[in-house]
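Okay, structure first, notes after.
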Amino acid sequence: MELLLDQYKAENKLSKITKQETAGFLELYTRDELEKMQAHNLLDVFKTIPGLVLTKDSLAINTFKKHKMKDIPDSVARLYINDHDMSSASYGSAFLVWADMPIEYVDHIEVYKATSSIEFGNEVGSLVIKVYTKKAQREEGGKVRLMASDNGGYDTNIYYGQTLENGLAYFVYGNTDDIKNGEYTHLYNNKAYEIKDSKKSYTLFANLLYKSWTLDMGLYHKNVDAYTGPGIHKTPSGNGVESQHYYAHLTKKFDNGLRVQLAYDHMKNDARFLDENGIVIFDPDSPYEGKWLVNDYSTVLKDDVYSVILDKKFHFSKNSLLLGAFYKHKRFSDSAYFSAAQSYIPPYTSYQNGATAQNSLDLSSIYFEDNYAYDESLHFIFSMKGDFYRYKKRVKAQDKVIARLGVIKNIEHFQIKAYATHSYIPATFVELYNDSNTPMKVNPDLDYATFDLYSGSIRYKNAGHSIEGIISHNKLKDAIILHPVYGYINSPDSVAITTYELLYKYIYNADNKLYLNYSSGKNSVDLDVSPTYSFGARLFNRYKQLDFYNELTLRGPYNYSGVSVGRSYDYTFSVKYHLSKDLSVGIRGDNVFNSGYKQVYSGYYEAIPITPQRFWLNFEALF
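For the sequence shown, the numbering used here gives the first residue as 24, with consecutive numbering after it.
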């Protein structure tokens with residue numbers, strides 16, 4: 024156990040090894056911080072990221088908003104577990120499945136904002152979340168963690184790591200949980216409808232390391248209530264979504280710096296929606312305004328992704344050069360079914376029901392990044408990437424280029440960063456291809472949205488104190504939107520988005536830290552559909568055998584769909600008592616005063632809390 028404790032104390036070393044200062048603006052969550060927070064899934068971390076607002080859509084899919092803006096596209100957020108990009112053919116990124124994954128097997132988390140993603144050698148994204156798991160060579164033992172909430176939920180975790188005499192190191196993890204986020208009542212036509220928000224899931228993970236070979240395997244399976252559902256009056260009567268994603272990722276590192284990666288992903292998303300007061304879906308046979316009003320429809324999405332990635336780093340006296348390429352083959356299928364059609368708008372026409380759409384994509388990419396050190400205090404970064412999309416049928420081919428120029432200057436206690444990036448947001452199969460055009464009309468002729476991002480920061484750091492100001496300006500063109508008549512189209516309007524962040528950190532020592540942040544935003548189209556500003560405070564402390572964590576998030580008001588939402592205050596805390604080196608107990612309270620951020624949904628008359636008021640008891644034992 025002494026060895027294990029020493030490894031615990033050295034956790035910062037691993038995070039320092041993996042983080043990339045040139046990749047963008049980094050928010051780092053160390054192992055010690057995650058343990059003091061008693062965080063048990065990614066959502067506990069996501070709600071504290073400066074400049075972003077964690078929310079969920081009407082189908083209980085977790086997503087982010089920028090200040091005053093709507094949800095950012097699913098494919099923009101890239102989630103990595105170690106070096107594996109959680110990829111999807113249907114949605115571009117599997118973030119929407121894994122966003123609430125358990126994190127007891129996680130060592131630390133890096134969040135890169137305003138990045139080009141080139142340096143990570145995979146698919147395009149401007150928000151990159153890198154989750155690094157615990158490793159056998161740092162654990163050499165096991166752990167059990169049990170949690171129970173005051174509303175009847177539970178979360179159980181177990182892992183074990185060992186290094187064998189032949190040099191093989193293995194780490195295995197398992198989790199099962201029942202998360203109850205809340206139940207709400209919606210009155211419509213003098214009848215009460217229950218809106219439920221809960222999740223049952225299980226997770227399996229294994230990491231094998233032998234010499235220069237690494238194999239990761241993971242599975243996440245969950246059943247969730249579909250929240251308010253897609254009904255026009257938000258009167259669900261049995262919604263549910265079952266999702267499963269599993270993957271395998273093999274990496275070989277050679278002595279000459281060459282790295283080869285092979286990966287496979289499989290995802291299935293099975294959703295059924297019931298609403299006796301009607302769900303609007305598009306009529307596949309009508310080129311214009313035809314829509315069905317149905318009581319019951321379901322969709323089944325399946326996809327497979329095969330990946331080959333090669334990269335090599337070269338180090339010279341003044342330059343560090345990364346060269347790489349990857350190829351991905353993505354297969355997609357989508358089946359849509361509906362029954363009990365109430366009516367048709369306009370009058371009745373024929374329709375197809377239960378058709379299965381199938382397509383595939385070959386994605387090839389080449390990229391490079393050059394980090395040039397003019398001297399010890401001045402670095403220039405230039406990177407470029409070419410992506411080539413070729414679809415099996417109907418969808419037009421697209422070739423896209425990402426380019427990024429950056430400079431980092433250190434002047435005594437000051438650091439200045441500036442970046443200019445041209446990039447794009449790819450369309451997904453859900454938007455591009457579906458033979459039945461149900462429930463939404465797709466558009467195989469969509470252009471990919473493009474954007475130009477300019478960002479900069481200045482940071483002062485001295486004697487444990489750090490203060491940093493960040494500004495980003497993003498001009499987006501050809502954004503993909505859902506038109507009420509024509510389905511998915513490219514917006515004819517461009518939009519400019521500017522965000523501001525002010526960050527302060529005081530690190531007294533490894534056990535006592537204070538983080539403060541303020542962020543706000545504006546846009547050129549005068550949208551005001553999410554909080555105008557946010558303020559966050561996080562305080563970490565230790566006294567003898569007690570760990571303390573306090574978190575306060577204040578968000579500004581907004582108005583959406585005719586509902587005004589005032590300021591919100593989310594206070595979260597945790598206290599952990601170490602009974603011995605191997606045993607601890609604790610309590611965590613989420614949204615203690617039940618005054619946290621709430622989300623508005625079209626068709627529902629009041630805002631719903633994103634993080635419920637809830638208290639967790641926590642037990643941890645090392646063995």
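The beta carbon of each residue, even a glycine, is placed where N, CA and C say it ideally should be.
query: Could you pull out every residue in the same chain whose Cβ sits closer than 6 Å to the Cβ of A443, ignoring the five residues on either side in sequence?; result: L428, Y477
query: Please report the distance separating the alpha-carbon of L238 from that of L285.; result: 10 Å
query: Going by C-alpha distance, which of I520, R578, F474 is nearest H496?; result: I520
query: Tell me the residue span of the beta strand (DSSP E) that contains V129.; result: 129–136
query: Going by alpha carbons, who is nearest to V134 out of K153, V264, D593?; result: K153
query: Give me the residue from M170, G184, I304 with the minimum Cα distance to E163.; result: G184
query: So K222 and V195 are supposed to be a Cβ contact under 8 Å. How far apart are they, rounded?; result: Not a contact, Cβ separation roughly 23 Å.
query: Report the option in L57, K59, A359, A117 whose CA atom is closest to the CA atom of I84.; result: A117
query: Helix, strand or coil: how does DSSP classify I633 here?; result: coil
query: Checking 8 Å against the spacing of the C-beta atoms, do S553 and K91 come in under that value?; result: yes
query: If S260 and Y243 are in contact, beta carbons under 8 Å, what's the gap, nearest whole angstrom?; result: No, S260 and Y243 are not in contact; Cβ-Cβ is about 28 Å, not under 8 Å.
query: Under the three-state reduction of DSSP, which class applies to M240: helix, strand or coil?; result: strand
query: Write down every uninterrupted run of the beta strand (DSSP E) in the segment 161–242 whose length is 3 residues or greater and which is fully enclosed by it, in chain order.; result: 164–172, 177–186, 192–211, 214–233
query: Taking the alpha carbon of A450 as the reference point, which residue from S98, D80, N198, L77 has its own alpha carbon closest?; result: S98
query: Consult DSSP for K70 and reduce its assignment to one of helix, strand or coil.; result: coil
query: Any chance you could list the beta strand (DSSP E) runs of at least 3 consecutive residues sitting entirely within the segment 508–582, in chain order?; result: 510–513, 518–532, 535–546, 556–566, 569–578
query: How far does the alpha helix (DSSP H) with K59 in it reach, from first residue to last?; result: 54–60
query: Can you grab the Cα-Cα spacing for the pair G589 / H256, in whole Å?; result: 23 Å
query: Less than 8 Å between CB atoms is the rule here; does G301 satisfy it with respect to chain D?; result: Considering every chain present, this structure includes no chain D. It has just one protein chain.
query: Using 8 Å as the threshold, is the C-beta distance between S406 and T379 below it?; result: no
query: The alpha helix (DSSP H) with L455 in it runs from where to where?; result: 452–455
query: One question on the structure: do H445 and K484 come within less than 8 Å of each other, judged by their Cβ atoms?; result: no
query: Should P635 go down as buried or exposed, given a rule of 16 or more other Cβ atoms within 10 Å for buried?; result: buried
query: By how many angstroms is the C-alpha of K599 removed from the C-alpha of N180?; result: 17 Å
query: Do you know offhand how far D298's Cα is from W315's?; result: 13 Å
query: Which residue from Y320, R561, Y583 puts its Cα closest to that of D593?; result: R561
query: Among K432, S388, Q381, D410, which one has its Cα closest to the Cα of Y395?; result: K432
query: What span of residues does the beta strand (DSSP E) with L505 cover, start to end?; result: 503–506
query: Just the C-alpha distance for A486 and I530, rounded to the nearest angstrom, thanks.; result: 9 Å
query: Can you give me the Cβ contacts of N174 inside the same chain, cut-off strictly under 7 Å, excluding the 5 residues immediately before and after it?; result: K203, R637
query: Helix, strand or coil: how does DSSP classify E435 here?; result: coil
query: Looking only at its chain, what residues have a beta carbon closer than 8 Å to the beta carbon of K89, apart from the 5 residues adjacent to it on each side?; result: G74, L75, V76, I95, I520, T522, G544, S553
query: Can you give the beta carbon distance from K353 to L384, rounded, assuming they're within the 8 Å contact cut?; result: 4 Å
query: Mind reading off the beta-carbon distance from V283 to L82? Whole number of angstroms is fine, and I expect it under 8 Å.; result: Not a contact, Cβ separation roughly 38 Å.
query: For G115, which residues does DSSP report across the bridge?; result: S111
query: Beta-carbon separation of F296 and G252 under 8 Å?; result: yes
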